[in-house]
Amino acid sequence: MTRVALAGLGVLLVAALGYAFWLVGGPEQARVDTRDQQRLQNLETVIGHLRCTDPSVVLPDNLRDIADTRYCDRSMWGFDRAVTDEELPMVYTRLSDTEFRLCQEFEDIDRLSSLLRLPEGLDPATGCYTGRLRP
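Quick note: to get our numbering, add 921 to the position in the sequence shown (first position is 1).
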């Protein structure tokens, strides 16, 4: 009787572990989640740096133009790393003096959106954020 109970408990444990891995995706899914979260953090960093309330400021032609300056009279801490991360490249497009688009490739944006709140203006289908210089 004890052997049967232990065997049943063992089967139940293996089934529970299998279900847990299926539910959360296992180690590879965790790596995908981490990379996508870093991509989202980089995107939000650049968005935050591009927003400016100074009416004399216009958007740069490219992100490298402001990496070494005090754009909008503020520190650019974190900006350079977010822009130059070769493993997590993003594409910046200046649409006008006050409008821009940032595109970032995500591995599993649907899962990311279930884990974190995506910025308003980020299109999950394209991974592109369209924003304005002055919110």
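Using N, Cα and C, we set each Cβ at its ideal position, and we do this for glycine too.
All figures in this text were calculated on a predicted structure; none of them were measured in a lab.
Skipping 5 residues on each side, what residues in its chain have a beta carbon closer than 7 Å to that of residue i?
i            : result
residue 1000 : 966, 967, 970 and 988
residue 1027 : 957, 960, 1033 and 1048
residue 974  : 1055
Within a Cβ cutoff of 6 Å, which residues of the same chain sit near residue i, ignoring the five residues on either side of it in sequence?
i            : result
residue 1024 : 1012, 1048 and 1049
residue 1059 : Summary: the structure shown does not reach residue 1059, with the chain confined to residues 922 through 1056, and so no result is reported for it.
Spell out the partners DSSP gives residue i in its beta bridges.
i            : result
residue 1025 : 1011
residue 1051 : 1022
residue 1043 : 1050
Exposed or buried, residue i, counting other C-beta atoms within 10 Å across all chains shown (16 or more means buried)?
i            : result
residue 1016 : exposed
Which whole-angstrom value is the C-beta distance of residue i and residue j, which I expect to be below 8 Å?
i            : j            : result
residue 1045 : residue 1030 : 5 Å
residue 963  : residue 1003 : 4 Å
Q) Counting Cβ pairs closer than 8 Å, one from the region 946-964 and one from the region 974-985, do we hit at least three? A) no
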